[in-house]
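**Q** The structure under discussion is supplied below as structure tokens; questions concerning it will follow.
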Amino acid sequence: MSEKLVLGVDIGGTKIAAAVVTEEGKVISRDYSPTSAQAGLQVVIDSIFTTIDRAISSSNVGLSQLCGIGIAAAGIIDSENGKVIFSPNLPGWHEVPLGDAVHQRFNVSTYLGNDASLAALGEWRFGVKKQVANLIYITVSTGIGGGIICNGKLYTGVLGAGGEIGHMTIDVNGPRCNCGNVGCWETLASGTALAREAVKHIKEGASTSIVEFAGGDLTRVDAKVVFEAAKQGDRLANELIARLGYYLGVGLTNVVNIFNPELILIGGGVAKMGDLLLDPAIKVVKERAFTTSATSVRIRPALLGDDSSILGAVAFVLDNLAEGSTIHGE
Numbered sequence: 604m605s606e607k608l609v610l611g612v613d614i615g616g617t618k619i620a621a622a623v624v625t626e627e628g629k630v631i632s633r634d635y636s637p638t639s640a641q642a643g644l645q646v647v648i649d650s651i652f653t654t655i656d657r658a659i660s661s662s663n664v665g666l667s668q669l670c671g672i673g674i675a676a677a678g679i680i681d682s683e684n685g686k687v688i689f690s691p692n693l694p695g696w697h698e699v700p701l702g703d704a705v706h707q708r709f710n711v712s713t714y715l716g717n718d719a720s721l722a723a724l725g726e727w728r729f730g731v732k733k734q735v736a737n738l739i740y741i742t743v744s745t746g747i748g749g750g751i752i753c754n755g756k757l758y759t760g761v762l763g764a765g766g767e768i769g770h771m772t773i774d775v776n777g778p779r780c781n782c783g784n785v786g787c788w789e790t791l792a793s794g795t796a797l798a799r800e801a802v803k804h805i806k807e808g809a810s811t812s813i814v815e816f817a818g819g820d821l822t823r824v825d826a827k828v829v830f831e832a833a834k835q836g837d838r839l840a841n842e843l844i845a846r847l848g849y850y851l852g853v854g855l856t857n858v859v860n861i862f863n864p865e866l867i868l869i870g871g872g873v874a875k876m877g878d879l880l881l882d883p884a885i886k887v888v889k890e891r892a893f894t895t896s897a898t899s900v901r902i903r904p905a906l907l908g909d910d911s912s913i914l915g916a917v918a919f920v921l922d923n924l925a926e927g928s929t930i931h932g933e
């Protein structure tokens, strides 16, 4: 096979995904494993190795046929040195040389990047096929992450930590964020925020079917449960999602005014709520953003679904190889 083959890895808080992918973005094989993040560093690394092994095995592709391995991981990533500086999804991970570990295990050039930044790259390369020059990708799930394509290039800042738009302050007196700050965008517009507000209203005696969809267990109330209740017409659930959409729109207004992008793509589990979430968000952008920027931007659901980060990891490898980079490679 003359076409370049890359192995992409997406390390999430609950699962690890690996896939052998062509340079055109076609997935040849894939495999999954639980992350088991609470079990410690070595267990997660072993799980990454196992997932990669199985994805390669089921592809009938030899290691020597891979031109690189790309890894997308949440958190502050030092791509130049292949290190996970800190990851909220991986307790105890500080200054972990994951790129070196994978390279030493498989002897294949390995490149490491932030999952949301790489998702932006994946959406740009394989989703919109490079048809726009300025694109923002936002993942709305447990938290909020972002990736920035500026003039056809992935923007990551001086040290690779750029794109952390989920931690811009929206409310200076808002809820405490896991990052230590207060009122971050993700404390108001994420799946975690939606669940928190739902539980709060239930405890205050609100009439709602949300608790029934959670099997009577408040600890099981999450964004998916609230969405299920909303689809069945639950008034509180619909109000809470509209409120979430409002705060999503407030953050999007900032993004639109700062970057003036052609396209904003919304991914992540919460984004699967579709128009129920995006309509109120887009309404806020139209009302609050500068008219010139608001009328020139399109806000749409992400095109690659759950594959944004894994395909972004593949794109990251291809871009590094094209530039002659040899990170963890020789």
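Start counting the sequence shown at 604; every next residue gets the next number (our numbering).
All C-beta atoms, glycine included, are put in the ideal place defined by N, C-alpha and C.
Given the structure is predicted, the values throughout are model-derived calculations rather than measurements.
Specify the secondary structure class of Thr745 as computed by DSSP and reduced to three states.
**A** The sequence position of residue 745 within the sequence shown is 142, counting from 1. Note: Thr745 maps to coil in three-state DSSP.
**Q** How many Å lie between Thr772 and Val623 at the Cα?
**A** Here the question's residue 772 lines up with position 169 in the sequence shown. Here the question's residue 623 lines up with position 20 in the sequence shown. So the alpha carbons of these two residues sit roughly 39 Å apart.
**Q** Among Ala736, Gln835, Leu666, Ser720, which residue has its Cα nearest to the Cα of Gln707?
**A** Start at 1 with the first residue of the sequence shown, and residue 707 comes out as number 104. It is Leu666 whose Cα lies nearest to the Cα of Gln707.
**Q** Closest to Leu762 by C-alpha separation, out of Asp820, Ile679, Val900, Leu843, would be which residue?
**A** Against the sequence shown, residue 762 aligns to sequence position 159. Among Asp820, Ile679, Val900, Leu843, the Cα nearest to that of Leu762 belongs to Ile679.
**Q** Assuming Leu914 contacts Leu921 (C-beta within less than 8 Å), just tell me the rounded distance between them.
**A** Position 311 of the sequence shown, counting from 1, holds the residue named residue 914. Position 318 of the sequence shown, counting from 1, holds the residue named residue 921. Their Cβ separation, rounded to whole angstroms, is 11 Å, which puts Leu914 and Leu921 out of contact at 8 Å.
**Q** What first and last residue would you give for the beta strand (DSSP E) that runs through His697?
**A** Here the question's residue 697 lines up with position 94 in the sequence shown. Unbroken beta strand (DSSP E) run through His697: 697-699.
**Q** Alpha carbons only, please: which of Val699, Cys670, Val858, Arg838 is nearest the one belonging to Ser682?
**A** Your numbering for residue 682 matches position 79 in the sequence shown. Ranking the options by Cα distance to Ser682, first place goes to Val699.
**Q** Roughly how many angstroms lie between the CA atoms of Pro883 and Trp788, to the nearest whole one?
**A** Taking the sequence shown and counting its residues from 1, one reaches residue 883 at position 280. Taking the sequence shown and counting its residues from 1, one reaches residue 788 at position 185. In this structure, the CA atom of Pro883 is about 16 Å from the CA atom of Trp788.
**Q** Cα separation between Gly819 and Glu842?
**A** Numbered from 1 along the sequence shown, position 216 holds the residue referred to as residue 819. Numbered from 1 along the sequence shown, position 239 holds the residue referred to as residue 842. Cα to Cα, Gly819 sits roughly 21 Å from Glu842.
**Q** Which partner residues does Asn717 have in the DSSP bridge list?
**A** Counting from one through the sequence shown, the residue named residue 717 turns up at place 114. According to DSSP, Asn717 bridges with Ala676.
**Q** Alpha carbons only, please: which of Val731, Cys782, Phe729, Ala722 is nearest the one belonging to Thr759?
**A** Residue numbering aside, residue 759 sits at position 156 when the sequence shown is read from its first letter. Per the Cα distances, Ala722.
**Q** With respect to the alpha helix (DSSP H) encompassing Val624, which residues constitute its N-terminal and C-terminal limits?
**A** The count along the sequence shown starts at 1 and reaches residue 624 at position 21. Unbroken run through Val624 is the beta strand (DSSP E), 618-625; no alpha helix (DSSP H).
**Q** As an exercise, report each continuous alpha helix (DSSP H) stretch of at least 4 residues that is fully enclosed by the segment 872-927, in chain order.
**A** 878-891, 894-899, 911-925
**Q** Beta-carbon separation of Ala833 and Leu879 under 8 Å?
**A** Position 230 of the sequence shown, counting from 1, holds the residue named residue 833. Position 276 of the sequence shown, counting from 1, holds the residue named residue 879. At a Cβ-Cβ threshold of 8 Å, Ala833 and Leu879 count as neighbours.
**Q** For Ile773, does the three-state DSSP call read helix, strand or coil?
**A** Within the sequence shown, numbered from 1, the residue matching residue 773 stands at position 170. In the structure shown, Ile773 sits in coil (DSSP, three-state: anything other than H, G, I, E or B).
**Q** For the alpha helix (DSSP H) that contains Val731, what are its first and last residues?
**A** Translated into positions along the sequence shown, residue 731 becomes position 128. It is not in any alpha helix (DSSP H) - Val731 carries neither H nor E in the DSSP assignment.
**Q** List the DSSP bridge partners of Cys595.
**A** Outside the displayed span of the chain (604 to 933) sits residue 595, for which this structure offers no information.
**Q** Let me check understanding here. Comparing Cα to Cα, which of Tyr849, Glu926, Ala925, Ser912 lies closest to Lys889?
**A** Translated into the one-based positions of the sequence shown, residue 889 becomes position 286. Nearest of Tyr849, Glu926, Ala925, Ser912 to Lys889, Cα basis: Tyr849.
**Q** Below 8 Å on the Cβ atoms is my guess for Tyr635 versus Ala905; work out the distance and round it to an integer in Å.
**A** In the sequence shown, residue 635 corresponds to position 32, counting from 1. In the sequence shown, residue 905 corresponds to position 302, counting from 1. Going by Cβ atoms, the distance from Tyr635 to Ala905 rounds to 20 Å, so no, they are not a contact pair.
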